[in-house]
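Trainee:
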Amino acid sequence: MAGTAIRTGRRSRRRTSASRENVAGWLFVAPVVAILGLFLLLPILMALWVSLTDWNGQGSPFRTGVPFVGLDNYTGLFVRDDLSRRNFMISIRNTFSYVVIVVPAQTVLALGLALAVHRRTLRGRGFFRTAFYFPSVTSSVAISVLFLFIFSDSGAVTELLAIFGVEGPQWFSDSRGLLHLLLSALGLADVDAPPPVLTGGGAFGLSWWEWLSGPSVAMCTIIVLAVWTTSGTFMLMFLAALQDIPVALEEASMLDGASRRQRLWYVTLPMLKPTLFLVLTLGLIATWQVFDQVYVMSQGGPAKTTLTPAYLSYRTAFRDFDYGSGAAISFVLFLLIVLLAALQRWVMRDRDAVGDLRRPRPRRS
Amino acid sequence: MPPAADRDAPARTAGRSRGTGAEARAPAAAFAGYAVLVFSALVFLYPFVIQVANAFKTEPDAAANPLSPIPDPVSTAGFERVFLDTGMPLWLGNSLLVTLVVTAGRVFLDSLAGYALARLRFRGRRALFSAIVAVMAVPGVVLFIPKFLVLNQLGVYDSYPALVVPVIADAAGVFIMKQFFESIPVSVEEAARIDGAGVFRTFWSVVLPMARPALITLTIISFQGTWNEFPHTLVAVQDPSLFTLPRGLADLVSGSLGAGTRYPLKLSAAVLATIPVAVVFAVFQRYFVRGANEGAEKG
Numbered sequence: 001m002a003g004t005a006i007r008t009g010r011r012s013r014r015r016t017s018a019s020r021e022n023v024a025g026w027l028f029v030a031p032v033v034a035i036l037g038l039f040l041l042l043p044i045l046m047a048l049w050v051s052l053t054d055w056n057g058q059g060s061p062f063r064t065g066v067p068f069v070g071l072d073n074y075t076g077l078f079v080r081d082d083l084s085r086r087n088f089m090i091s092i093r094n095t096f097s098y099v100v101i102v103v104p105a106q107t108v109l110a111l112g113l114a115l116a117v118h119r120r121t122l123r124g125r126g127f128f129r130t131a132f133y134f135p136s137v138t139s140s141v142a143i144s145v146l147f148l149f150i151f152s153d154s155g156a157v158t159e160l161l162a163i164f165g166v167e168g169p170q171w172f173s174d175s176r177g178l179l180h181l182l183l184s185a186l187g188l189a190d191v192d193a194p195p196p197v198l199t200g201g202g203a204f205g206l207s208w209w210e211w212l213s214g215p216s217v218a219m220c221t222i223i224v225l226a227v228w229t230t231s232g233t234f235m236l237m238f239l240a241a242l243q244d245i246p247v248a249l250e251e252a253s254m255l256d257g258a259s260r261r262q263r264l265w266y267v268t269l270p271m272l273k274p275t276l277f278l279v280l281t282l283g284l285i286a287t288w289q290v291f292d293q294v295y296v297m298s299q300g301g302p303a304k305t306t307l308t309p310a311y312l313s314y315r316t317a318f319r320d321f322d323y324g325s326g327a328a329i330s331f332v333l334f335l336l337i338v339l340l341a342a343l344q345r346w347v348m349r350d351r352d353a354v355g356d357l358r359r360p361r362p363r364r365s
Numbered sequence: 001m002p003p004a005a006d007r008d009a010p011a012r013t014a015g016r017s018r019g020t021g022a023e024a025r026a027p028a029a030a031f032a033g034y035a036v037l038v039f040s041a042l043v044f045l046y047p048f049v050i051q052v053a054n055a056f057k058t059e060p061d062a063a064a065n066p067l068s069p070i071p072d073p074v075s076t077a078g079f080e081r082v083f084l085d086t087g088m089p090l091w092l093g094n095s096l097l098v099t100l101v102v103t104a105g106r107v108f109l110d111s112l113a114g115y116a117l118a119r120l121r122f123r124g125r126r127a128l129f130s131a132i133v134a135v136m137a138v139p140g141v142v143l144f145i146p147k148f149l150v151l152n153q154l155g156v157y158d159s160y161p162a163l164v165v166p167v168i169a170d171a172a173g174v175f176i177m178k179q180f181f182e183s184i185p186v187s188v189e190e191a192a193r194i195d196g197a198g199v200f201r202t203f204w205s206v207v208l209p210m211a212r213p214a215l216i217t218l219t220i221i222s223f224q225g226t227w228n229e230f231p232h233t234l235v236a237v238q239d240p241s242l243f244t245l246p247r248g249l250a251d252l253v254s255g256s257l258g259a260g261t262r263y264p265l266k267l268s269a270a271v272l273a274t275i276p277v278a279v280v281f282a283v284f285q286r287y288f289v290r291g292a293n294e295g296a297e298k299g
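Sequences listed follow chains A and X, in order. Numbering-wise (full-length UniProt numbering), the first sequence opens with residue 1 and increments by one. Numbering-wise (full-length UniProt numbering), the second sequence opens with residue 1 and increments by one.
Take a look at the structure:
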C-alpha cells in the first residue's frame with residue numbers, strides 16, 4: 001500500500017514538473033515564435049494573396065473591393081507578350097550571367113586564399129586572414145558607394161588602367177554585353193549588325209542575340225564587388241575545414257612519397273568536398289538575391305542591364321505600385337532559390353558517396 | 001624540425017624538389033608565394049585606403065588623383081559638409097538606437113528560445129525546431145513586400161517599432177544558441193534544480209553565465225548585421241527623420257545630393273558607416289570567425 005502511494009506521489013510530482021517544463025518551454029520560445037510568425041510566416045501568406053490580386057497600395061489589400069485576378073500576375077511574367085515579361089526575362093538573363101561568373105570566381109578565390117593562408121610555416125597568417133575577411137563584414141551600402149567612386153569616370157580604376165596605357169570604359173553607362181564584345185572581337189559577329197539568325201528567333205520575348213549578351217560592362221563592376229566582398233567569408237569556411245583534416249593523413253601521404261600537387265589533388269581536395277559543395281550552394285543562393293548593390297550603384301541601368309529579379313520586384317511594387325506583379329516576381333524568385341538549394345543538396349549527396357569510396361586510398365604514385 | 005633522415009626518405013623516392021613545406025622549397029618559390037599573398041592583401045585592403053584618403057581630399061584633388069593614398073591638401077570639408085548638409089547626425093543617432101535595441105533584444109530572446117529548444121522538454125519542440133531551420137532558409141529579398149504588407153496592416157509602417165520589432169529575433173541566432181547550450185553538461189543545471197531553483201532562475205543565473213562565448217559571438221554578429229542592415233529599412237520607413245545610416249547613405253548617393261560628384265562628402269559618410277564595424281571587428285575578430293563558421297554549419 002505504502003509502495004503505491006509513493007509511486008503515485010512520484011508520478012504526480014513528475015507530471016507537475018513535466019507540465020511545468022511544458023509551460024516554461026513555450027513561454028521561453030513564445031517571443032521568437034510570435035515575431036517570426038507575425039513578421040515572416042503570416043506576411044508570406046499575405047503576399048501570396050496579394051500576388052493573386054491587382055492591389056495598388058490604397059487601403060487594405062483584404063477589402064472586398066480589391067480585384068482578384070487569379071494567376072494573371074504569374075502568367076504575365078512568362079506568357080503575355082508585354083513589358084512586364086520583357087523586364088522579368090531581362091532580369092533573369094542579367095542575374096544568370098552574374099551568377100555564372102560570381103559563384104565559380106568566389107569559390108576558386110576563396111579556396112586559393114585558404115590554401116595559401118593555411119600553410120603552417122606562413123608568417124603573418126593572422127594579418128592575411130584579417131585582410132581577406134575584412135570586406136565581408138562592412139556595410140554593403142558603404143562598399144557600393146566606394147565602388148561608385150573607384151569605377152567612376154575619373155576614378156581609381158580608370159587611372160590605374162591609364163598607367164598601363166589602356167583607356168577604360170565609362171563603367172556605369174556602358175550597357176554592351178561582354179559576350180557580344182567577345183564575339184565581335186573574334187570577328188564572329190558585329191555588335192551593330194548582329195546576325196539575323198540570332199535576332200530572328202528567340203524565347204520569352206527576347207531574341208537569342210539578347211539572351212546571349214553576357215553581363216554588361218556596368219554589371220562587371222557589381223561582379224567585382226561581389227567576388228571581393230564574399231571571398232573572405234568562404235575562405236574562413238575552407239580554413240575551418242582544412243584545420244579538420246587530420247595531420248596524420250597528410251603525413252602518411254608524404255611518407256608514401258606524394259608530391260605537393262598530388263597531396264592537394266588526392267588528399268586535401270577530396271577532404272574539402274563537403275565544404276566545397278556547401279560554399280557553392282550558399283553562393284548560388286546568395287547571388288540570385290543580389291539587391292543592395294543594384295539599388296545603390298545602378299538602379300537597374302544602363303539599358304536595364306543590371307536589373308535583377310529582387311530589384312525588379314522592389315521597383316514594380318514600390319515605384320510602380322503594382323504590388324501584385326511585384327509579389328509574383330518575388331515568389332518566382334523564392335521558388336527558384338528553393339529549387340537550387342534542393343538540386344545542390346541532391347548533387348552533394350550523390351558526389352559524397354563517390355568521394356567516400358576514393359578517400360581511404362590517397363596513395364596513387 | 002623533424003629529423004633530416006625522415007624527410008629525405010620520401011624526397012628521394014618522389015624525386016627531389018618537393019619537400020614538406022615552404023622551408024624546404026627554394027627561397028625563390030617562397031618569395032613568390034609571399035609576393036602573391038601581399039599583392040592579394042593589397043587588392044583586398046587598398047580600396048579602404050582609397051576610401052579614407054579620398055574622404056580627406058578636396059574635390060578637385062579627389063577627381064585628379066583618385067589612386068593616391070595621401071590627400072594633398074588634407075581637407076575635412078567632406079566631413080563638415082556631411083554633418084551640416086545632410087541628415088547624418090540624425091542617421092547616426094537612429095542607427096545607434098536601432099542597433100542597440102535590436103542587439104540586446106536578439107541576444108536575450110534568441111538565448112531564451114535556444115535554451116528551451118536545447119533543454120526543456122515541451123510538446124512540439126521538434127516540430128518547432130524544424131520550423132526554425134526552415135525559416136532560416138527563407139531568402140531575405142523575397143520578404144520586401146510581405147514585410148511591408150504586415151507593417152502597413154498593423155498600422156506601424158514608418159515608425160521606430162517598424163525598424164526594430166520585425167528584426168528583434170532571428171532564427172539563425174536561435175540556432176547558434178541551441179547548439180551551444182547542447183554542449184554544456186546537464187549536471188550543473190540538475191544541481192541547481194535540485195536546490196529548488198525555478199526554470200528561469202536556472203537559465204538566468206546558472207546557464208547563461210556559462211554561455212559567455214556564445215553570447216559574445218551572437219552580440220557581435222547581431223551588432224554587425226543590424227548596423228549594416230539596409231533592405232529592411234527600405235520597406236519599413238520612408239520618413240527621412242527615421243533613416244538609419246545605410247538608408248541615409250543610399251539616399252545621399254541616389255538622391256538630389258548625389259547629382260554632382262561630391263565624392264569626398266559621400267566617402268566621408270561611407271567611412272562613418274564603416275568605422276564602428278571596423279573597430280568591433282578589430283577587437284573581437286575571433287568571435288567573427290566563430291560566427292561565420294557556425295553560420296556555415298546551419299546550411
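Glycine included, C-beta positions come from ideal geometry on N, C-alpha and C. Being a predicted model, the structure only gives us computed values, none of them experimental.
Would DSSP call Thr64 (chain A) helix, strand or coil?
Mentor: Three-state result, Thr64 (chain A): coil.
Trainee: Is Val347 (chain A) close to chain X? Criterion is C-beta to C-beta, closer than 7 Å.
Mentor: Taking Cβ atoms only, chain X never reaches closer than 7 Å to Val347 (chain A), which makes this a no.
Trainee: Which residue wins for smallest C-alpha separation from Gly126 (chain A), given the options X:Asp85, X:Val74, X:Ala171, X:Leu37?
Mentor: That would be X:Leu37, whose Cα lies nearest to the Cα of Gly126 (chain A).
Trainee: Could you work out which residue in A:Gln58, A:Pro274, A:Leu183 is closest to Val66 (chain A) when comparing CA atoms only?
Mentor: For the residues A:Gln58, A:Pro274, A:Leu183, the minimum Cα distance to Val66 (chain A) belongs to A:Gln58.
Trainee: Restricting to Cα atoms, I'd like to know which of X:Phe200, X:Thr219, X:Val138, X:Pro73 is closest to Phe281 (chain X).
Mentor: Considering only alpha carbons, the answer is X:Thr219.
Trainee: Give, in chain order, every unbroken run of the beta strand (DSSP E) that is at least 3 residues long and sits entirely within the region 129-203 of chain A.
Mentor: DSSP runs (the beta strand (DSSP E)) wholly in the region 129-203 of chain A: none.
Trainee: Are Val32 (chain A) and Ala113 (chain X) close, meaning C-beta to C-beta below 7 Å?
Mentor: Cβ distance < 7 Å, so Val32 (chain A) and Ala113 (chain X) count as in contact.
Trainee: Quick check: is the beta carbon of Pro43 (chain A) nearer than 7 Å to any beta carbon in chain X?
Mentor: By this cut-off, Pro43 (chain A) is an interface position.
Trainee: Please classify Ile70 (chain X) as buried or exposed, where buried requires at least 16 neighbouring CB atoms within 10 angstroms.
Mentor: Classification for Ile70 (chain X): exposed.
Trainee: When the distance is taken between beta carbons, is Gly205 (chain A) closer than 7 Å to Asp320 (chain A)?
Mentor: Result no, Cβ atoms of Asp320 (chain A) and Gly205 (chain A) do not sit closer than 7 Å.
Trainee: Note down, in chain order, every chain A residue with its Cβ under 8 Å from the Cβ of Leu45 (chain X).
Mentor: Neighbours of Leu45 (chain X) on chain A, chain order: Ala131, Phe134.
Trainee: Hey, how far is the Cα of Ile168 (chain X) from the Cα of Gly300 (chain A)?
Mentor: Looking at the two C-alpha atoms, the distance is approximately 31 Å.
Trainee: Spatial neighbours of Thr76 (chain X) within its chain, please: CB distance less than 6 Å, with the 5 preceding and 5 following residues excluded, ordered by chain position.
Mentor: Closer than 6 Å at the Cβ level, and outside the excluded window around Thr76 (chain X), lies no residue.
Trainee: Would you give the residue range spanned by the alpha helix (DSSP H) that Asn94 (chain A) belongs to?
Mentor: Here the alpha helix (DSSP H) through Asn94 (chain A) covers 83-118.
Trainee: Measure from the alpha carbon of Val237 (chain X) to the alpha carbon of each residue in X:Pro161, X:Leu92, X:Thr202, then state which is nearest.
Mentor: The candidate whose alpha carbon is nearest that of Val237 (chain X) is X:Pro161.
Trainee: Quick one: complete alpha helix (DSSP H) runs, 4+ long, within the region 166-235 of chain X?
Mentor: As far as the region 166-235 of chain X is concerned, its whole alpha helix (DSSP H) runs of at least 4 residues are 171-183, 187-194, 212-228.
Trainee: Just to check my reading of the structure: Ile285 (chain A) and Ile337 (chain A) have Cβ atoms closer than 8 Å, yes? What is that Cβ distance to the nearest angstrom?
Mentor: Confirmed, Cβ separation roughly 6 Å.
Trainee: For Ser253 (chain A), would you say it is in contact with chain X, using Cβ-to-Cβ distances shorter than 7 Å as the test?
Mentor: Not closer than 7 Å to any Cβ of chain X, the Cβ of Ser253 (chain A) fails to qualify, so no.
Trainee: Judging by CA-CA distance, which residue of A:Gly214, A:Arg263, A:Val145 is the nearest neighbour of Val253 (chain X)?
Mentor: Comparing Cα positions, the closest option is A:Val145.
Trainee: Taking 7 Å as the CB-CB limit, is Gly59 (chain A) close to chain X?
Mentor: No, no contact with chain X.
Trainee: Are the C-beta of Val150 (chain X) and some C-beta of chain A separated by less than 7 Å?
Mentor: At least one chain A Cβ lies under 7 Å of Val150 (chain X).
Trainee: For Ser184 (chain A), which residues from the same chain have a beta carbon less than 7 Å from its beta carbon, with the 5 sequence-adjacent residues on both sides left out?
Mentor: Closer than 7 Å at the Cβ level, and outside the excluded window around Ser184 (chain A), lie Asp190, Val191.
Trainee: Taking the C-alpha atoms as reference points, what is the distance between Ala171 (chain X) and Leu42 (chain X)?
Mentor: Distance between the alpha carbons of Ala171 (chain X) and Leu42 (chain X) is about 36 Å.
Trainee: Would you please verify whether the beta carbon of Pro146 (chain X) is less than 7 Å from any beta carbon of chain A?
Mentor: Yes, its Cβ sits closer than 7 Å to a Cβ of chain A.
Trainee: Taking 7 Å as the threshold (C-beta atoms), are Gly232 (chain A) and Phe132 (chain A) in contact?
Mentor: Yes, these two residues count as a Cβ contact at 7 Å.
Trainee: Can you tell me the Cβ-Cβ gap for Val207 (chain X) and Ile176 (chain X), rounded? I've got them flagged as a contact below 8 Å.
Mentor: In fact, because the Cβ distance is near 15 Å, the residues do not count as touching under 8 Å.
Trainee: Counting contacts by CB-CB distance shorter than 7 Å, is Ala303 (chain A) in contact with chain X?
Mentor: Judged by the 7 Å Cβ criterion, Ala303 (chain A) is not in contact with chain X.
Trainee: So within the region 198-253 of chain A, which uninterrupted alpha helix (DSSP H) runs reach at least 4 residues, ignoring any that extend past its ends?
Mentor: As far as the region 198-253 of chain A is concerned, its whole alpha helix (DSSP H) runs of at least 4 residues are 208-211, 217-244.
Trainee: What's the C-alpha gap between Arg125 (chain X) and Asn22 (chain A)?
Mentor: If you take the alpha carbons of Arg125 (chain X) and Asn22 (chain A), they lie about 10 Å apart.
Trainee: Which whole-angstrom value is the C-beta distance of Gly214 (chain A) and Gln106 (chain A), which I expect to be below 8 Å?
Mentor: The Cβ separation is near 18 Å, so there is no contact.
Trainee: When DSSP labels each residue in this structure, what does Thr53 (chain A) get in the three-state scheme?
Mentor: It is a strand residue.
Trainee: Kindly say whether Leu236 (chain A), judged by its beta-carbon, lies nearer than 7 Å to any beta-carbon of chain X.
Mentor: Leu236 (chain A) counts as touching chain X.
Trainee: Check whether the region 83-93 of chain X and the region 169-179 of chain A are in contact - that is, three or more C-beta pairs closer than 8 Å.
Mentor: No, they do not touch.
Trainee: Which residues in chain A sit within 9 Å of Asp110 (chain X), going by Cβ to Cβ distance?
Mentor: Here the neighbours are Val32.
Trainee: In whole angstroms, give me the CA-to-CA distance for Leu77 (chain A) and Thr53 (chain A).
Mentor: Whole-angstrom Cα-Cα distance: 15 Å.
Trainee: Is any heavy atom in the ligand ADP found nearer than 6 Å to the beta carbon of Phe172 (chain A)?
Mentor: Ligands are entirely absent from the displayed structure, and the ligand ADP is therefore not among its contents.
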